[in-house]
Amino acid sequence: MTAKNRAYLAVIYICIIWGTTYLAIRIGVQHYPAYLYAGVRQTTAGIIMLIAGLAVRKKIDLSAKNVFQQMLTGFLLLTMGNGCVTWGEKYISSGVAALICSLMPIFAVSFNLIFSKKEKLNFAITLGMILGICGVALIFRHNISDLGNPKYVAGILTVLLATVCWAFGSILNRKKEKPSNPIFNVAMQLFFGGLFMLIASPVVDDYSSFQWWNGPAFYSLIYLIIFGSVLAYAAYMYALSELPVGVATIYAYINPLVAVVVAYFAKDGELNIYIGMAFITIVLGVYLVNYGYRTQKAAVEENKQTFPENLPVDA
Numbered sequence: 179m180t181a182k183n184r185a186y187l188a189v190i191y192i193c194i195i196w197g198t199t200y201l202a203i204r205i206g207v208q209h210y211p212a213y214l215y216a217g218v219r220q221t222t223a224g225i226i227m228l229i230a231g232l233a234v235r236k237k238i239d240l241s242a243k244n245v246f247q248q249m250l251t252g253f254l255l256l257t258m259g260n261g262c263v264t265w266g267e268k269y270i271s272s273g274v275a276a277l278i279c280s281l282m283p284i285f286a287v288s289f290n291l292i293f294s295k296k297e298k299l300n301f302a303i304t305l306g307m308i309l310g311i312c313g314v315a316l317i318f319r320h321n322i323s324d325l326g327n328p329k330y331v332a333g334i335l336t337v338l339l340a341t342v343c344w345a346f347g348s349i350l351n352r353k354k355e356k357p358s359n360p361i362f363n364v365a366m367q368l369f370f371g372g373l374f375m376l377i378a379s380p381v382v383d384d385y386s387s388f389q390w391w392n393g394p395a396f397y398s399l400i401y402l403i404i405f406g407s408v409l410a411y412a413a414y415m416y417a418l419s420e421l422p423v424g425v426a427t428i429y430a431y432i433n434p435l436v437a438v439v440v441a442y443f444a445k446d447g448e449l450n451i452y453i454g455m456a457f458i459t460i461v462l463g464v465y466l467v468n469y470g471y472r473t474q475k476a477a478v479e480e481n482k483q484t485f486p487e488n489l490p491v492d493a
């Protein structure tokens with residue numbers, strides 16, 4: 179089997195596994211405090227990947243600058259991103275959480291538009307953003323009776339915050355220089371992100387319903403550590419190294435569908451016309467935003483080659 183074929187298998191793995199993690203999280207937070215649960219998951223996965231990073235015998239950058247960068251990325255992607263999703267799923271279904279998280283590329287492009295003078299809105303990006311908002315509105319339309327429940331609203335807003343933080347963290351992470359040992363850097367992100375969650379847990383978690391042992395919740399934690407964090411991150415890094423970014427990140431379109439279907443069969447959600455319309459609308463919106471962004475980047479590169487002196491400079 180060629181390296182490219184293995185990379186395609188890695189993408190398929192990511193599409194399925196990351197779609198199922200929403201249900202696994204939902205099972206866990208019904209019995210364990212959310213930030214404690216997520217913190218144990220990510221610190222354990224981080225330790226495993228730290229060992230793997232040392233095993234590859236590549237140069238490790240332990241400079242203060244690099245360690246701080248990994249801590250910041252871990253805080254945004256995991257402490258705020260994964261942590262807030264985990265906390266939010268105490269009050270909303272795994273399928274709804276996945277649909278909201280699928281808006282991440284829209285927020286990422288929005289940050290690029292805000293922070294870069296080179297990038298501007300075009301028709302495709304604008305239409306895609308409008309469709310993304312409409313998709314979330316369709317979720318609310320189906321669950322309008324739940325909007326009177328403060329915990330449900332808190333869950334929605336917390337997952338939205340998680341999506342914004344994940345997008346912002348992804349933008350910051352993308353601007354870094356290519357690391358000599360990416361496995362070790364990702365391991366630091368996992369470890370520090372999880373460590374911050376463990377520190378925050380006594381403040382944000384409710385320990386009144388804490389259960390020392392619950393079989394399904396414990397097994398879901400093991401599943402998340404091994405399949406959702408360690409193997410999925412490794413598969414994602416391998417896919418990025420062998421395939422175009424557009425192919426490696428196709429999971430963003432498939433994860434919500436997998437999550438909604440899995441939630442339905444696990445009786446953690448339902449499939450109906452509104453959920454179906456929300457999925458189609460959000461995915462189409464994300465596609466249009468990405469398409470508009472790629473088109474704009476291609477135009478900038480073409481203009482740069484033809485009229486390099488006309489290009490604006492980032493502040």
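Numbers given in our numbering equal positions in the sequence shown, counted from 1, plus 178.
Ideal Cβ positions, reconstructed from N, Cα and C, are used throughout, including at glycine.
If you compare alpha carbons, which of the options is closest to residue i?
i	options	result
Trp265	His209, Ile190 and Cys193	His209
Asn468	Glu267, Leu250 and Thr304	Thr304
Lys236	Ile361, Ile428, Gln474 and Tyr414	Ile361
Tyr191	Phe457, Thr427 and Lys445	Thr427
Ala202	Arg472, Leu291, Gly470 and Ala444	Ala444
Thr251	Pro211, Asn327, Phe346 and Leu309	Phe346
Gly197	Asn450, Gly306, Tyr429 and Tyr416	Tyr429
Pro328	Lys268, Met249, Tyr385 and Val436	Lys268
Asn183	Ala332, Gln389, Asn300 and Ser419	Ser419
Ser348	Val287, Trp390 and Asn244	Val287
Ile317	Tyr442, Ala395 and Val274	Val274
Phe246	Tyr452, Ala412, Gln389 and Gln367	Gln367
Ala216	Tyr401, Ala437, Glu448 and Ile229	Tyr401
Ile141	Pro283, Ala332, Gly326 and Tyr330	No answer is possible for residue 141: the residues shown for the chain start at 179 and end at 493.
Arg472	Ile270, Lys298 and Ile238	Lys298
Met307	Ala413, Lys296 and Phe289	Phe289
Taking 7 Å as the threshold (C-beta atoms), are residue j and residue i in contact?
i	j	result
Gly371	Thr257	yes
Gly206	Leu376	no
Ser294	Tyr200	no
Ala185	Leu466	no
Phe457	Ile195	no
Ile278	Val408	no
Gly231	Ala365	yes
Phe172	Gly224	Residue 172 falls outside the range modelled here, since the chain spans only 179 to 493, and no answer is possible.
Val263	Val337	yes
Ala276	Pro434	yes
Thr341	Leu281	yes
Ala302	Gly470	yes
Asn363	Gln248	yes
Ala188	Ala417	yes
Tyr431	Val461	yes
Thr180	Leu309	no
Phe374	Phe253	yes
Ile403	Arg219	yes
Gly261	Tyr213	yes
Asn300	Gln474	yes
Arg204	Asp446	yes
Gly333	Ile270	yes
Trp390	Leu255	no
May I ask you to report which of helix, strand or coil DSSP gives residue i?
i	result
Arg235	coil
Ser407	helix
Met366	helix
Val491	Unreliable placement is indicated for Val491, whose pLDDT of 32 sits below 50; the coordinate value is still reported in the next sentence. If DSSP states are grouped into helix, strand and coil, Val491 belongs with coil.
Gly224	helix
Ala444	coil
Ile432	helix
Asn351	helix
Thr336	helix
Pro486	Residue placement at Pro486 is poorly supported in this model, since its pLDDT is 44, which falls under 50; the coordinates are not used for a value here.
Leu421	coil
Gln474	helix
Phe374	helix
Phe388	coil
Tyr210	coil
Leu309	helix
Tyr330	helix
Leu466	helix
Tyr416	helix
Tyr215	helix
Leu316	helix
Asp324	helix
Thr459	helix
Tyr452	helix
Ile229	helix
What span of residues does the alpha helix (DSSP H) with residue i cover, start to end?
i	result
Trp196	Ala181 to Val207
Thr264	Gly261 to Gly266
Met282	Met282 to Phe293
Met258	Note, Met258: premise wrong, no alpha helix (DSSP H); not H, not E.
Gln247	Ala242 to Gly252
Pro394	Gly393 to Tyr401
Leu277	Ser272 to Cys279
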